[in-house]
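Presented below is the structure to which this report refers.
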Amino acid sequence: MSGEQLRGEHIKKMLVNPIVIATFLGLILWVSQNWMPQISISTAGKTSQVPFYRLDVTVPWLFAWMKLLAGLASPLAGLAIEANLAQMPFTDAIKNHTAWYYSFNKVIIVPIIMAAIAILANTTHILPVDQVAMATMVIMMATPVATVAVNYAMAFNHQSLLAANTSLISTISATVVLPLWIIIVQLLGELPVFK
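Reading the sequence shown from the start, the letters are residues 1 to 195 in our numbering.
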């Protein structure tokens, strides 16, 4: 998005990004929960063992603040997108054919491809998935465009209006299409492949 050519120092900069580091650290901590030092927690008469870094259980007052801050991320991104959309009339956003094309691909075509991959993987036993896993993957693919893409477009001043329009149109489209996808994945779950 910056318009620069991809070079070694750019890859290094991407990999040492705090978000990427936090993502991989979180994955490692999640995978290694059973091997980490455990703390006994007693709730409602039950005692359970949890890793010391499970803040939701070990330090609930701190976790409550973190959860509050995490809940602010999407509304703040939404405000940035809406401020960008305020630059043009709503009718112009609706008339943007590129935004409609991308939104159609995002909420219709990509979930169809995901459903086909899940059915094929289950049929060939390459990666057995159950109905819930298939439904989760398909519905996740049918969600609107990520707001982080709009934030990057605004940060690099590169097609930020198109990105905001696409986010708006894909959100409206997903609101209409997601209930249909829920029905479709329930019907797909009844196929013999998922029994």
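Each residue gets a CB set at the ideal place from its N, CA and C atoms; glycine is no exception.
- The beta carbon of D130 sits closer than 8 Å to the beta carbons of F194 from its chain, once the five residues preceding and following it are set aside; these are given in chain order.
- Take Y102, set aside five residues on each side of it, and the residues of its chain with a beta-carbon closer than 6 Å to its own are T166, in chain order.
- Between P37 and the set D92, F52, I108, A164, the nearest pair of CA atoms involves F52.
- A Cβ-Cβ distance of about 6 Å is found for the pair L55 and L62, placing them in contact under the 8 Å criterion.
- Here the C-alpha atom of G189 lies approximately 10 Å from the C-alpha atom of A115.
- S32 carries a coil assignment under DSSP once its states are collapsed to helix, strand and coil.
- Q49 is bridged by DSSP to S40.
- P192 and A142 do not touch by the CB rule: their CB atoms are close to 24 Å apart, not below 8 Å.
- DSSP places K95 in the coil class of the three-state scheme, outside both helix and strand.
- Within its own chain, no residue has a Cβ closer than 6 Å to the Cβ of L120 once the five positions on either side in sequence are excluded.
- In the DSSP annotation of this structure, the continuous segment of the alpha helix (DSSP H) that includes D56 starts and ends at 55 to 58.
- The beta carbons of I108 and V177 sit closer together than 8 Å.
- Look at I126 here: in three-state DSSP terms it is coil, with no helix or strand label.
- Rounded to the nearest whole angstrom, the C-alpha separation of A93 and T123 is 42 Å.
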